[in-house]
Amino acid sequence: MSEISWGLWKLLLNGIWITVQLTVYSAALAAVVAFAIGLARTHRLWIVRFVSGAYFEIFRGTSALILMFWIFFVLPIGFGWQLVPMWAAVLALGLSYGAYGSEIVRGAVKAVAPAQREAGIALSFSPAQQLRKIILPQAWPGMVPPFNNLLIEMLKGSALVSIMGVGDITFGASLVRNATGQSAPVYTIILVMYFVLAFVLTRGMRVVERHAKAGVGQAPQKREGLRARMNGGQVNDFARSGATPGGGAAQ
Amino acid sequence: MKWDWNAVSDFMPMFWHGLLVTLEALALGAVLAFVLGLVWAMMQRSEHAAVRWPVMAVTEFVRNTPLLVQLFFLFYVLPEWGLTLSALTTGVIGLGLHYSTYTAEVYRAGIDGVPVGQWEAATALSLPRARTWFAVILPQAIRRVVPALGNYVVAMLKDTPMIFVIGVLEMLGEARQYSAQTFHTVEPITIVGIAFIVISYPASLLLRVLERRLVR
Chain D
1 MSEISWGLWK
11 LLLNGIWITV
21 QLTVYSAALA
31 AVVAFAIGLA
41 RTHRLWIVRF
51 VSGAYFEIFR
61 GTSALILMFW
71 IFFVLPIGFG
81 WQLVPMWAAV
91 LALGLSYGAY
101 GSEIVRGAVK
111 AVAPAQREAG
121 IALSFSPAQQ
131 LRKIILPQAW
141 PGMVPPFNNL
151 LIEMLKGSAL
161 VSIMGVGDIT
171 FGASLVRNAT
181 GQSAPVYTII
191 LVMYFVLAFV
201 LTRGMRVVER
211 HAKAGVGQAP
221 QKREGLRARM
231 NGGQVNDFAR
241 SGATPGGGAA
251 Q
Chain L
1001 MKWDWNAVSD
1011 FMPMFWHGLL
1021 VTLEALALGA
1031 VLAFVLGLVW
1041 AMMQRSEHAA
1051 VRWPVMAVTE
1061 FVRNTPLLVQ
1071 LFFLFYVLPE
1081 WGLTLSALTT
1091 GVIGLGLHYS
1101 TYTAEVYRAG
1111 IDGVPVGQWE
1121 AATALSLPRA
1131 RTWFAVILPQ
1141 AIRRVVPALG
1151 NYVVAMLKDT
1161 PMIFVIGVLE
1171 MLGEARQYSA
1181 QTFHTVEPIT
1191 IVGIAFIVIS
1201 YPASLLLRVL
1211 ERRLVR
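Sequences listed follow chains D and L, in order. Numbering follows my numbering, in which position 64 of the first sequence is assigned residue number 64; successive positions increment by one, without gaps. Numbering follows my numbering, in which position 186 of the second sequence is assigned residue number 1186; successive positions increment by one, without gaps.
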């Protein structure tokens, strides 16, 4: 690994910064899209549900990479809109992952007990108040764990922008590879970088989850982490499914 | 917006060829992901920590790192190690390996869902371990997770364009090549985008039906 000089390391470090920026901005856009489309899909007017459902199916149905190509190459030629590569990348990632996120929002909102909404109506809350004060605070804790998975997917998806020439980690790696003529060291290094970023994001979302659950008076659920599973194996599974040590009458 | 129907008809032969390659990569990648995922899931339940630990660490690592970088890794590093494969083979291995870490989780959930009494009954009948897995546990576990596995096939379909970066001429690769030759970019990219929607939307509808049938 000694062949990677300080100047080349700087390329990779700059790449990390770009990747982090991309992930943050795309996540912000995706969150806006997810809530807007997800809530619109539970709207009482069929036309709103239809339009938002069409958005969901179209952006979920196509590939993020194709969408990125479309925004990079078709928008400028077809419509005359030329975006800065970074923002075009954010737009592509945010719009497509926002569509996935809308399903999370929709599911969590649907999972709130109907009596909660009815109580809101009985107290003559306006629909916006019901949403803001009753539905969303209860739906939010359920959204956090799937949002975490989506965030990791988005971090991984951000590598696609290197194909468009945005200088993220993967792009830096291809430059380093050209400079050193060796592939194994640099690609191993950046795989570890992505893994560490994903790990940090997961830890951060755990904190958000604990906070969200505390907000509605739920104790944080004890989830089996990777280490518990590694140590536990089958023994834990037996314990969890409630089998008694005495025999097989657990079912 | 300029839309040239001549370019569309010009592109179609390349498109059909690309579609074939995409479906080929998808089918082979899916088979690999199903088989490898099952292997990971079973190894994660091994009683030897020396088997469990490495498998869990590797699957976790592969799942949390980008497929694109893994493809580059396979494409550039395997030849350095003296293993030269065709671009399509490399792409299939990359897709299959990446998604096997997802299917492993799906199988794991399915296996966890098999009532513990089934394991105990197999022990009581002193079935050998292999027969317990293949005759008792897996038939019950897999039936339940077929729709979830199908969802990952659709997800994999949407990741197949990535293998164009290592030179596989699937749909996106053909579209890029066509636009490099003729400077028509709008039509091929749009057609490929629509093709993905046309394939994946009915597939997800089908999976919803399957889910109602199989998961009770």
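Cβ atoms here follow ideal geometry from the backbone N, Cα and C, with glycine treated the same way. Because the structure is a prediction, the values reported are computed rather than measured.
Below 7 Å on C-beta distance, what does residue i contact in chain L?
i                     : result
residue 195 (chain D) : 1061, 1064 and 1065
residue 268 (chain D) : Lying outside 1 to 251, the shown extent of chain D, residue 268 (chain D) is not represented and no answer is given.
residue 171 (chain D) : The premise fails here: residue 171 (chain D) is roughly 11 Å from chain L at the closest Cβ pair, so nothing lies under 7 Å.
residue 160 (chain D) : 1068
Taking the straight line between their C-alpha atoms, what separation do you get for residue i and residue j?
i                      : j                      : result
residue 1154 (chain L) : residue 1204 (chain L) : 7 Å
residue 1130 (chain L) : residue 1123 (chain L) : 12 Å
residue 200 (chain D)  : residue 112 (chain D)  : 30 Å
residue 1108 (chain L) : residue 1041 (chain L) : 6 Å
residue 35 (chain D)   : residue 102 (chain D)  : 6 Å
residue 239 (chain D)  : residue 1112 (chain L) : Legend: pLDDT at residue 239 (chain D) = 37, less than 50; position of this residue unreliable, value from coordinates given subsequently. Those two C-alpha atoms are separated by around 12 Å.
residue 146 (chain D)  : residue 105 (chain D)  : 10 Å
residue 1014 (chain L) : residue 1085 (chain L) : 24 Å
residue 1164 (chain L) : residue 153 (chain D)  : 20 Å
residue 14 (chain D)   : residue 186 (chain D)  : 15 Å
residue 24 (chain D)   : residue 18 (chain D)   : 10 Å
residue 6 (chain D)    : residue 12 (chain D)   : 10 Å
Does the separation of the CB atoms of residue i and residue j fall below 9 Å?
i                      : j                      : result
residue 1200 (chain L) : residue 61 (chain D)   : yes
residue 161 (chain D)  : residue 93 (chain D)   : yes
residue 138 (chain D)  : residue 216 (chain D)  : yes
residue 109 (chain D)  : residue 151 (chain D)  : no
residue 1143 (chain L) : residue 1067 (chain L) : no
residue 56 (chain D)   : residue 99 (chain D)   : yes
residue 1018 (chain L) : residue 1187 (chain L) : no
residue 1195 (chain L) : residue 1095 (chain L) : no
residue 16 (chain D)   : residue 143 (chain D)  : no
residue 173 (chain D)  : residue 1072 (chain L) : yes
residue 26 (chain D)   : residue 41 (chain D)   : no
residue 1211 (chain L) : residue 1139 (chain L) : no
residue 184 (chain D)  : residue 1080 (chain L) : yes
residue 1136 (chain L) : residue 1110 (chain L) : no
residue 1193 (chain L) : residue 75 (chain D)   : no
residue 1055 (chain L) : residue 1046 (chain L) : yes
residue 1197 (chain L) : residue 58 (chain D)   : yes
Give the interface partners of residue i over in chain L, defined as CB-CB distance under 8 Å, in chain order.
i                     : result
residue 187 (chain D) : 1069, 1072, 1073, 1076 and 1077
residue 27 (chain D)  : Within chain L, no residue comes near residue 27 (chain D); the closest Cβ sits about 16 Å away, beyond 8 Å.
residue 74 (chain D)  : 1185, 1186, 1189 and 1190
residue 131 (chain D) : Result: empty, since nearest Cβ-Cβ is about 27 Å, beyond 8 Å.
Nearest to residue i by CA position, among the options, is which residue?
i                      : options                           : result
residue 1061 (chain L) : L:1052, L:1098, L:1078 and L:1080 : L:1098
residue 195 (chain D)  : D:3, D:174, D:155 and D:122       : D:155
residue 1160 (chain L) : L:1009, L:1024 and L:1006         : L:1024
residue 39 (chain D)   : D:213, D:79, D:127 and D:24       : D:127
residue 1105 (chain L) : L:1011, L:1038 and L:1012         : L:1038
residue 1027 (chain L) : L:1190, L:1157, L:1193 and L:1102 : L:1157
residue 191 (chain D)  : L:1046, L:1008, L:1005 and L:1074 : L:1074
residue 1090 (chain L) : L:1166, L:1035, L:1179 and L:1197 : L:1166
residue 1100 (chain L) : L:1191, L:1141, L:1162 and L:1058 : L:1058
residue 1076 (chain L) : D:49, D:72, D:132 and D:181       : D:181
Run down chain D in chain order and give the residues with a C-beta less than 9 Å from the C-beta of residue i.
i                      : result
residue 1172 (chain L) : 63, 65, 66 and 69
residue 1039 (chain L) : Neighbours of residue 1039 (chain L) on chain D: none; closest Cβ ~16 Å, over 9 Å.
residue 1142 (chain L) : Under the 9 Å cutoff, chain D gives no residues; its nearest Cβ is about 18 Å from residue 1142 (chain L).
residue 1196 (chain L) : 61, 62, 63 and 66
Output, in chain order, the set of chain D residues within a Cβ distance shorter than 7 Å of residue i.
i                      : result
residue 1200 (chain L) : 61
residue 1165 (chain L) : 163
Strictly below 8 Å CB to CB, what residues from chain D border residue i?
i                      : result
residue 1139 (chain L) : Residues of chain D passing the Cβ test: none, with the nearest at roughly 17 Å.
residue 1150 (chain L) : Chain D residues near residue 1150 (chain L): none, gap ~15 Å exceeds 8 Å.
Can you name the residues of chain L whose CB is closer than 9 Å to the CB of residue i?
i                     : result
residue 147 (chain D) : The contacting residues do not exist; residue 147 (chain D) stays about 16 Å from chain L at best.
residue 177 (chain D) : 1072 and 1076
residue 269 (chain D) : Since the displayed chain D opens at 1 and closes at 251, residue 269 (chain D) lies outside it and no answer follows.
residue 78 (chain D)  : 1001, 1002, 1003, 1185, 1186 and 1190
Of the residues that make up the segment 95-113 of chain D, which ones have a beta carbon closer than 7 Å to any beta carbon in chain L?
none
Taking any Cβ of chain D, which residues in the segment 1007-1018 of chain L have a Cβ under 7 Å from it, in chain order?
none
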